[in-house]
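Student: Here the protein sequences come in this chain order: A and B. Heads up: take any position in the first sequence, counting from 1, add 575, and you land on our numbering. Heads up: take any position in the second sequence, counting from 1, add 105, and you land on our numbering. Built from N, CA and C at the ideal position, the CB exists for glycine as well. Input: one structure, supplied below.
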Amino acid sequence: MDNTLLMGQNLVREYGTTILTRALDDVSVKLNVKEFASIIGQSGSGKSTLLNMLGALDRPTSGKLLFRDKDLSGMDDLEMARFRNRNIGFIFQFHHLLPEFTALENVLMPTWIESGIADRKKEARAKELLELVGLKDRMKNLAPNLSGGQQQRVSIARALINEPNLVLADEPTGNLDSDSTDQVYELLRNINRDFSMSFLIVTHDRHIAEKSDRVIEMKDGRIIKDYKTNEKLPDELWQCLAPHNCKYVHTA
Amino acid sequence: MKFELKMALRFMLSGKSQTLFIIVGIAVGVAVQIFLGSLITSLQDSLVDETIGNSAHITLKSSEDVVTRTLNADTSDDLLFRGNAVSTRKNIDNWSLIVDELAREETVTAISPTLQGTALVRSGGVDRSVQIKGVFLDDADPVYEISDRMVSGNPLIEGNTAVIGSTLAEDMGLETGDSFNLLLPNGGTVRLLVGGAFDLQNEAANSSLIFMDLGRTQKLFNTGNAVSSIEVQIQDPFEADLIAGKWKDSLDNVKIDDWMELNQQLLTALSSQSSSSYTIQFFVILSITLGIASVLAVSVIQKSKEIGILKAMGTTKKSTSRIFTLQGLLLGILGSFSGIGLGILLLTVFNSVEGLAFSITYRWSNVLLLATIATFAGAIASVIPAKRSANMNPMEAIKNG
């Protein structure tokens with residue numbers, strides 16, 4: 576069986592009408608099942624644009640996007656929404672939990688969206704996931720009553736509830752202190768291993784990039800480097816990632 | 106529970122003061138509508154009641170009067186006269202035929218043949234000009250509600266016993282059982298007995314009206330078996346003009362008046378009052394709608410991040426907009442129900458004030474209609490905010506920062 580989960584071919588994304596900005600310039604990328612990959616690059620290099628496109632949040636201006644041989648570029652809004660709900664888990668820098676709901680309800684949210692009914696059918700599963708992220712005793716807390724790290728862990732549990740094939744994370748540790756960053760990274764790594772889910776993480780943090788299976792480096796809307804971390808020596812890898820470290824230099 | 110409903114409820118609960126303010130706003134609007142609507146309707150009912158209460162809905166008289174008869178005389182040198190005739194209008198001789206015909210109409214609730222004439226009451230050296238109405242009590246009661254409006258004595262109309270207006274009784278010092286002299290236009294005098302006094306809630310009637318037995322009146326005025334008019338009550342007073350119009354076509358030799366024609370001015374006043382009331386109600390609904398719309402528009406902006414994440418997780422456009430439509434509907438429903446409570450409270454307070462000429466009554470059908478309109482306004486108000494939320498781009502909404 577083909578090991579490819581997601582494949583983008585010649586993806587182009589342009590914004591604006593009078594002044595055209597090309598956020599993605601002819602990007603081709605392939606992501607395998609179970610892969611844990613990082614995307615690094617300067618601000619404005621097109622990382623988030625690529626991530627949003629691979630997550631079916633956005634459509635390419637031109638190019639083709641295949642998810643297990645299913646063409647995403649031809650889907651309408653409704654199909655895209657369904658696709659995201661079933662196949663993609665999102666984790667964002669500002670976790671974006673719904674403050675009106677408890678941790679448990681936030682985790683259940685994707686199941687409610689899927690069925691259209693706000694029921695507790697999947698509660699057992701949600702509790703397991705909260706236990707997995709170490710928040711079993713905080714289930715009934717409203718989202719704003721949790722610390723940043725705790726909120727991010729809730730949002731990880733939320734990303735997993737519908738058992739997606741792919742988890743997309745946009746700077747998941749960008750807003751966290753170093754202890755929480757380590758916890759979140761370990762968590763993502765364990766899930767990647769135990770649940771066989773693919774991960775694609777946009778990050779500024781070279782500690783995370785270093786520990787990924789693969790690093791994709793972007794600049795000006797193009798992929799300029801794409802390599803497996805185990806193909807490089809640790810020192811060499813560290814050198815490659817050095818320009819991209821902008822956080823927690825003191826911990827290094 | 107439906108997912109969208111749960112979201113709508115939580116969103117509303119999260120902005121408690123915002124939600125509360127708009128609900129109170131809607132409630133005040135609905136309450137004003139209920140109060141104003143009921144006030145105007147009750148006021149109009151009371152005015153119409155007062156008007157119809159002292160007159161028949163439709164009155165049939167002979168189409169010929171004495172003067173026309175003279176004018177139509179063959180010889181040109183006949184005298185035209187009006188003079189001191191008892192009545193210039195000819196009486197109806199064949200009234201029983203007309204009564205039979207009218208009795209077949211389904212809409213007719215009462216028919217009262219009446220002989221009306223003027224006379225003088227002389228008592229204790231004082232003279233007072235009065236209107237005599239000769240009627241059958243059973244027929245006249247549905248028109249004038251004499252039995253229900255007696256302030257003293259009994260509604261007794263037979264032989265020489267008559268009932269008189271309460272003011273007339275007071276002015277002439279007459280009490281039940283007293284007798285007085287009635288001076289007739291033809292010069293005769295008859296002694297009558299006071300059976301009781303009535304209050305028709307109309308000063309003119311109370312000070313000058315006397316009800317007597319029809320047969321006795323016919324004898325006194327020497328009109329044979331004739332009556333001067335036939336007074337008719339119908340089911341819906343506001344159809345009087347239509348029914349009168351129909352009868353004008355089918356009945357010959359009678360002149361038909363309906364209360365609506367005789368009270369054109371009142372009806373015009375009432376209808377313009379109604380239109381101004383509707384205008385006010387329309388603008389109240391308009392401001393309710395705009396209020397809900399602005400609250401929801403603000404809410405869409407406030408919740409843009411949440412909408413973004415919901416969409417990223419696969420919430421469809423339809424679902425997103427439904428969350429806001431439901432909020433509009435819920436605000437409408439909650440506001441309407443509070444408004445009903447507040448409106449009825451206002452009415453109760455108003456009615457409990459003493460010394461009012463009339464009390465306000467409300468119709469549930471009306472109240473519910475207003476509540477339905479306000480609820481519907483909530484749904485309409487949510488259209489634009491809901492659309493805006495549906496078209497919100499999740500990437501924009503959840504951009505870092």
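#1: According to DSSP, is A:V708 part of a helix, a strand, or is it coil?
#2: Determine the direct distance from the alpha carbon of B:V454 to that of B:F429, and round the result to whole angstroms.
#3: Would you kindly check if the distance between the Cβ of A:I736 and the Cβ of A:I666 is under 9 Å?
#4: Touch check for the stretch 736-750 of chain A and the stretch 766-778 of chain A: three-plus C-beta pairs under 8 Å?
#5: Starting from A:N740, find everything on chain B with Cβ-Cβ shorter than 8 Å and list it in chain order.
#6: Could you check whether B:E344 and B:T164 sit closer than 9 Å to each other, using their CB atoms as the reference points?
#7: Is any beta-carbon of chain A found at less than 9 Å from that of B:T430?
#8: Measure from the C-beta of A:M684 to each C-beta in chain B and report whether the shortest distance is under 9 Å.
#9: Using the C-alpha atoms, what's the distance from B:Y383 back to A:H697?
#10: Where does B:G188 sit, in a helix, a strand or coil, going by DSSP?
#11: Can you tell me which of the three DSSP states A:R789 falls into?
#12: Give the DSSP-derived three-state secondary structure of A:W589 in the structure shown.
#13: Nearest by alpha-carbon distance to A:P719: which of A:R657, A:H671, A:T756 and A:V759 is it?
#14: To the nearest angstrom, how far is the alpha carbon of A:W813 from that of A:S787?
#15: Could you tell me which of B:V235, B:N368 and B:K422 sits nearest to B:A495, measuring between CA atoms?
#16: Any beta carbon from chain A within less than 9 Å of B:S47's own beta carbon?
#17: So which residues of chain B does A:G691 contact, with C-beta pairs closer than 9 Å?
#18: Could you name the residues of chain A that B:E501 contacts, counting a contact when the two beta carbons are closer than 7 Å?
#19: Can you find a C-beta in chain B that's less than 9 Å from the C-beta of A:P747?
#20: Could you tell me whether the Cβ of A:P635 comes closer than 9 Å to any Cβ of chain B?
#21: Ignore the nearest five residues each way along the sequence and tell me which others in B:I465's own chain have a CB closer than 7 Å to its CB.
#22: Using CA coordinates, which residue listed in B:L325, B:D154 and B:L356 is at the minimum distance from B:G293?
#23: For A:D795, which three-state DSSP category applies?
#24: Does the beta-carbon of B:L416 have 16 or more other beta-carbons within 10 angstroms, so that it is buried, or is it exposed?
#25: Three-state secondary structure (DSSP) at B:M106?
#26: If the cut is a Cβ gap below 9 Å, which residues of chain A does B:F388 touch?
#27: Alpha carbon to alpha carbon, how far is A:I614 from A:T636?
#28: Should A:A732 be flagged as near chain D, meaning a C-beta pair shorter than 9 Å?
#29: Can you look up B:V458 in the DSSP assignment and give me helix, strand or coil?
#30: For the stretch 654-663 of chain A and the stretch 796-816 of chain A, state whether three or more C-beta atom pairs, one from each stretch, are separated by less than 8 Å.
#31: From the DSSP output, read off the bridge partner residues of A:L626.
#32: Using a Cβ-Cβ cut-off of 6 Å (strictly less than) and excluding sequence neighbours within five positions of A:W687, which residues of its own chain qualify?
#33: Taking 9 Å as the threshold (C-beta atoms), are B:V359 and B:K166 in contact?
#34: Just by C-beta distance, which residues in the stretch 390-417 of chain B are closer than 8 Å to chain A?
#35: For B:T180, which residues from the same chain have a beta carbon less than 6 Å from its beta carbon, with the 5 sequence-adjacent residues on both sides left out?
#36: Could you say if the stretch 312-325 of chain B and the stretch 268-276 of chain B meet the contact criterion of at least three C-beta pairs nearer than 8 Å?
Tutor: Straight from the coordinates:
#1: Locating residue 708 of chain A in the first sequence gives position 133, counting from the first residue. Looking at A:V708 - three-state DSSP - the assignment turns out to be coil, as it is neither helix nor strand.
#2: For the purposes of this step, residue 429 of chain B is identified with residue 324 of the second sequence, where counting begins at 1. For the purposes of this step, residue 454 of chain B is identified with residue 349 of the second sequence, where counting begins at 1. Going from the Cα of B:F429 to the Cα of B:V454 covers about 37 Å.
#3: Against the first sequence, residue 666 of chain A aligns to sequence position 91. Against the first sequence, residue 736 of chain A aligns to sequence position 161. No, the Cβ-Cβ distance between A:I666 and A:I736 is not below 9 Å.
#4: Yes, the stretch 736-750 of chain A touches the stretch 766-778 of chain A.
#5: Sequence index remark: in the first sequence, residue 740 of chain A carries index 165 (1-based). Under the 8 Å cutoff, chain B gives no residues; its nearest Cβ is about 14 Å from A:N740.
#6: Taking the second sequence and counting its residues from 1, the one referred to as residue 164 of chain B is at position 59. Taking the second sequence and counting its residues from 1, the one referred to as residue 344 of chain B is at position 239. In this structure, B:T164 lies away from B:E344, with their beta-carbon atoms at least 9 Å apart.
#7: Mapped onto the second sequence, residue 430 of chain B falls at position 325. The C-beta of B:T430 comes no closer than 9 Å to any C-beta of chain A.
#8: Taking the first residue of the first sequence as position 1, residue 684 of chain A is located at position 109. Judged by the 9 Å Cβ criterion, A:M684 is in contact with chain B.
#9: As a position in the first sequence, residue 697 of chain A is number 122, starting the count at 1. As a position in the second sequence, residue 383 of chain B is number 278, starting the count at 1. Checking the displayed sequence, the identity of residue 697 of chain A turns out to be Lys instead of His. One Cα belongs to A:K697, the other to B:Y383, and the distance between them is close to 53 Å.
#10: Locating residue 188 of chain B in the second sequence gives position 83, counting from the first residue. The predicted model places B:G188 with a pLDDT of 42, which falls under 50 and marks its position as unreliable, so this point remains unresolved.
#11: Position 214 of the first sequence holds residue 789 of chain A. Correct three-state label for A:R789: strand.
#12: For this step, residue 589 of chain A is matched to residue 14 along the first sequence. Here residue 589 of chain A is Glu; the residue named in the question, Trp, does not match the sequence. Strand, per DSSP.
#13: The residue given as residue 719 of chain A occupies position 144 in the first sequence. Closest option to A:P719, judged by alpha-carbon separation, among A:R657, A:H671, A:T756 and A:V759: A:H671.
#14: Within the first sequence, numbered from 1, the residue matching residue 813 of chain A stands at position 238. Within the first sequence, numbered from 1, the residue matching residue 787 of chain A stands at position 212. C-alpha separation (whole angstroms): 13 Å.
#15: To locate residue 495 of chain B, count along the second sequence from 1; it is residue 390. The shortest CA-to-CA distance from B:A495 to any of B:V235, B:N368 and B:K422 is the one to B:K422.
#16: The requested residue 47 of chain B does not occur in the structure, where chain B is confined to residues 106 to 506.
#17: If you number the first sequence from 1, residue 691 of chain A lands on position 116. Within chain B, the residues near A:G691 are K107, F108, E109 and S424.
#18: As a position in the second sequence, residue 501 of chain B is number 396, starting the count at 1. Simply none; closest approach about 10 Å.
#19: For the purposes of this step, residue 747 of chain A is taken as residue 172 along the first sequence, with counting starting at 1. Residue contact with chain B for A:P747: absent (no Cβ-Cβ distance below 9 Å to any residue of chain B).
#20: Residue mapping note: residue 635 of chain A aligns to position 60 of the first sequence, counting from 1. No, A:P635 lies away from the interface with chain B (no Cβ there is under 9 Å from its Cβ).
#21: Working through the second sequence from its first residue, we reach residue 465 of chain B at position 360. Only residues of its own chain outside the window of five on either side were considered, and among them S143, L144, S147, L452, F455 and N456 have a CB closer than 7 Å to the CB of B:I465, listed in chain order.
#22: Counting from 1 along the second sequence, the entry for residue 293 of chain B is found at position 188. For B:G293, the nearest C-alpha among the options comes from B:L325.
#23: Residue mapping note: residue 795 of chain A aligns to position 220 of the first sequence, counting from 1. Coil at A:D795, not helix or strand.
#24: Locating residue 416 of chain B in the second sequence gives position 311, where the first residue counts as 1. The amino acid at residue 416 of chain B is misidentified as Leu; the sequence shows Lys. The residue is buried, with at least 16 neighbouring Cβ atoms inside 10 Å.
#25: As a first step, residue 106 of chain B is located in the second sequence; it is residue number 1 there, counting from the start. The answer is coil: DSSP assigns B:M106 none of H, G, I, E or B.
#26: Taking the second sequence and counting its residues from 1, the one referred to as residue 388 of chain B is at position 283. Within 9 Å Cβ-Cβ: nothing; B:F388 doesn't reach chain A, min ~35 Å.
#27: Against the first sequence, residue 614 of chain A aligns to sequence position 39. Against the first sequence, residue 636 of chain A aligns to sequence position 61. Going from the Cα of A:I614 to the Cα of A:T636 covers about 21 Å.
#28: In the displayed structure, chain D is absent; the protein chains listed are A and B.
#29: Along the second sequence, read from residue 1 onward, the residue named residue 458 of chain B stands at position 353. Here B:V458 sits in coil by DSSP.
#30: The stretch 654-663 of chain A is not in contact with the stretch 796-816 of chain A.
#31: Here residue 626 of chain A corresponds to residue number 51 of the first sequence, with the count starting at 1. Residue pairing of A:L626 in beta bridges, as defined by DSSP: absent, with no partner found.
#32: The residue given as residue 687 of chain A occupies position 112 in the first sequence. Around A:W687, the same chain offers A693 as residues with beta carbons nearer than 6 Å, after the five sequence neighbours per side are excluded.
#33: By one-based count along the second sequence, residue 166 of chain B stands at place 61. By one-based count along the second sequence, residue 359 of chain B stands at place 254. Cβ distance < 9 Å, so B:K166 and B:V359 count as in contact.
#34: Cβ proximity to chain A below 8 Å picks out K410, E411, G413, I414, L415, K416 and A417 from the stretch 390-417 of chain B.
#35: Counted from its first residue, the second sequence places residue 180 of chain B at position 75. Residue confidence is low: B:T180 scores 49 on pLDDT, short of 50, so the model does not pin down where it sits. No coordinate-derived value is stated.
#36: With the cut-off at 8 Å, the stretch 312-325 of chain B and the stretch 268-276 of chain B touch.
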